[in-house]
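Asker: Every position in the sequence shown, counted from 1, becomes a number in the working numbering once 52 is added. All C-beta atoms, glycine included, are put in the ideal place defined by N, C-alpha and C. This one's a predicted model, so the numbers in the text were calculated from it and none came from an experiment.
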Amino acid sequence: MTALEAKRRFGGMVRESFRPGKVPAEVMRRMLRDHAGDDPRVILGPGIGRDAAVIEFGERLLVAKTDPITFATEEIGWYAVQVNANDIATTGATPRWFLATILLPEGCAGEGLVEEIFSQIRAACLDLGVSLCGGHTEVTLGLKRPVVVGAMLGEVHRAGLVRPDGAMPGDRILLTKGIAIEGTAVLAREHPRLANLLGPDEVKRCRAFLRDPGIGVTLEARLACDTAAVHAMHDPTEGGVATALHEMAEASGVGMTIQAEAIPVLPETRRVCDLLGLDPLGLLASGALLLAVSPTDRDNVVEALGRRGIAVADIGEVTSPRQGVLLLRGGEACPLPIFQQDEAARALAGL
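(1) DSSP state of residue 139, grouped into three classes?
(2) Should residue 214 and residue 282 be called a contact, given that it needs their Cβ atoms to be closer than 7 Å?
(3) State yes or no: is the C-beta of residue 132 within less than 7 Å of the C-beta of residue 121?
(4) If you scan the segment 182-252 from start to end, which runs of the beta strand (DSSP E) of 3 or more residues do you find wholly inside it?
(5) Kindly indicate which three-state DSSP category residue 351 falls into: helix, strand or coil?
(6) Could you check the C-alpha separation between residue 328 and residue 210 for me, to the nearest Å?
(7) Between which two residues does the beta strand (DSSP E) harbouring residue 286 extend?
(8) With a threshold of 6 Å on Cβ separation, who are the neighbours of residue 232 within its own chain once the five nearest residues in sequence on each side are excluded?
(9) Could you check what DSSP says for residue 70 in three-state terms: helix, strand or coil?
(10) Is residue 118 helix, strand or coil when you go by DSSP?
(11) Taking buried to mean at least 16 other C-beta atoms within 10 Å of its own C-beta, is residue 292 buried or exposed?
(12) Determine the direct distance from the alpha carbon of residue 148 to that of residue 137, and round the result to whole angstroms.
(13) Where does residue 150 sit, in a helix, a strand or coil, going by DSSP?
(14) I need the DSSP call for residue 107, collapsed to helix, strand or coil.
(15) Going by alpha carbons, who is nearest to residue 173 out of 193, 394, 135?
(16) State the DSSP-derived secondary structure class of residue 112, mapped to helix, strand or coil.
(17) Residues in the same chain with beta-carbon distance under 7 Å from residue 249, minus the five sequence neighbours each way, listed in chain order, please.
(18) Can you find the residues in the same chain that come closer than 6 Å, C-beta to C-beta, to residue 50, ignoring five residues on each side of it along the sequence?
If you want it as structure tokens, here you go:
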């Protein structure tokens with residue numbers, strides 16, 4: 053539907069058109085304030101910086117998440133399982149059951165494409181010990197590419213729940229692996245110019261980031277929770293690690309001071325960003341896990357993850373909310389940027 057068609061159909065409801073990416077946070081705050089439900093069994097409902105919902109469900113808590121895959125086309129089924137499992141894992145829960153709504157574009161939706169997507173979903177579910185338990189599949193008018201909307205359910209013992217609003221002043225902020233792993237893989241697979249700008253070996257390495265170092269964070273979330281009393285976790289996605297840090301700070305009502313030089317950027321990511329004129333701080337970032345832990349637990353978490361080959365960087369400190377979220381670069385402090393449009397969306401716009 054074009055903007056003009058939308059105006060004709062919805063009349064006065066269409067006052068502006070947002071850019072591709074997340075709906076602006078101020079709009080979402082208002083929508084959730086005015087329209088979210090108030091069931092007392094919902095222990096953790098929707099909000100900025102909240103990766104999943106948590107619902108009272110007997111002896112254990114039910115954790116629920118839904119997330120679409122709209123940037124990627126290659127390995128879209130595998131991708132959908134991983135990113136939804138990530139958000140379950142940030143609550144300390146174990147992903148258990150997956151549902152998928154698969155929307156296919158007319159003109160290229162045959163049995164082969166359906167088989168490929170279902171095979172990818174099954175492989176990812178087997179890797180994570182998850183069961184595909186439902187969903188919906190159709191050929192949809194107006195689509196240019198397949199879209200998979202995943203929904204993941206998980207469970208956690210009450211004592212093991214990690215809330216997104218638990219970060220406290222004095223906590224250390226840890227980041228696993230590196231930033232923009234997801235964005236590096238997506239751009240290497242989807243951006244037509246990169247194949248000409250990068251060498252064949254570079255393209256191959258960037259494309260492989262989807263699995264190595266990988267966009268999943270369920271293992272490191274579980275290891276961290278088994279090692280220490282993690283105060284909060286967050287899975288950075290659209291808008292990159294910068295936007296995720298703002299979301300994490302808002303969820304807990306705190307400030308943060310982030311050391312720019314401490315944020316790990318893998319060489320392949322840096323190269324892709326330099327070639328396309330992108331800021332890695334605002335590029336799709338699944339594959340990194342943000343954790344807020346007590347300073348006394350920091351070394352234990354770093355060592356536990358290190359023993360499994362997972363790199364961890366201490367990138368900053370949780371501070372008073374009065375300070376805001378600051379980025380220290382070269383000894384100078386400035387507000388950490390927020391990326392309303394992900395850098396991947398900007399790079400792929402119009403292609």
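Answerer: If we stick to the structure as given:
(1) Here residue 139 corresponds to residue number 87 of the sequence shown, with the count starting at 1. Here residue 139 sits in helix by DSSP.
(2) To locate residue 214, count along the sequence shown from 1; it is residue 162. To locate residue 282, count along the sequence shown from 1; it is residue 230. Taking the C-beta atoms as reference points, residue 282 is found nearer than 7 Å to residue 214.
(3) For this step, residue 132 is matched to residue 80 along the sequence shown. For this step, residue 121 is matched to residue 69 along the sequence shown. With contacts defined by Cβ atoms closer than 7 Å, residue 132 and residue 121 form a contacting pair.
(4) Correct list: 183-192, 199-209, 224-228.
(5) The residue labelled residue 351 in the question sits at position 299 within the sequence shown. It is helical.
(6) Taking the sequence shown and counting its residues from 1, the one referred to as residue 328 is at position 276. Taking the sequence shown and counting its residues from 1, the one referred to as residue 210 is at position 158. One alpha carbon belongs to residue 328, the other to residue 210, and they sit about 45 Å apart.
(7) In the sequence shown, the residue the question calls residue 286 occupies position 234. In the DSSP assignment, residue 286 falls within the beta strand (DSSP E) that extends over 284-286.
(8) Along the sequence shown, one-based indexing puts residue 232 at 180. Result list for residue 232: 321, 332, 335, 337, in chain order.
(9) On the sequence shown, residue 70 is found 18 positions in, with the first residue counted as 1. If DSSP states are grouped into helix, strand and coil, residue 70 belongs with coil.
(10) Residue numbering aside, residue 118 sits at position 66 when the sequence shown is read from its first letter. Shown here, residue 118 sits in a strand according to DSSP, grouped into three states.
(11) As a first step, residue 292 is located in the sequence shown; it is residue number 240 there, counting from the start. The residue is buried, with at least 16 neighbouring Cβ atoms inside 10 Å.
(12) Taking the sequence shown and counting its residues from 1, the one referred to as residue 137 is at position 85. Taking the sequence shown and counting its residues from 1, the one referred to as residue 148 is at position 96. Their backbone Cα atoms lie some 9 Å apart in a straight line.
(13) On the sequence shown, residue 150 is found 98 positions in, with the first residue counted as 1. Looking at residue 150 - three-state DSSP - the assignment turns out to be strand.
(14) Within the sequence shown, residue 107 is the residue found at index 55, counting from 1. Here residue 107 sits in strand by DSSP.
(15) Taking the sequence shown and counting its residues from 1, one reaches residue 173 at position 121. Minimum Cα distance to residue 173 is reached at 135.
(16) Numbered from 1 along the sequence shown, position 60 holds the residue referred to as residue 112. In the structure shown, residue 112 sits in a strand (DSSP, three-state: E or B).
(17) Locating residue 249 in the sequence shown gives position 197, counting from the first residue. For residue 249, the CB contacts under 7 Å within the same chain, skipping 5 residues up- and downstream, are 327 in chain order.
(18) The structure shown does not extend to residue 50, since the chain spans only 53 to 403, so no value can be given for it.
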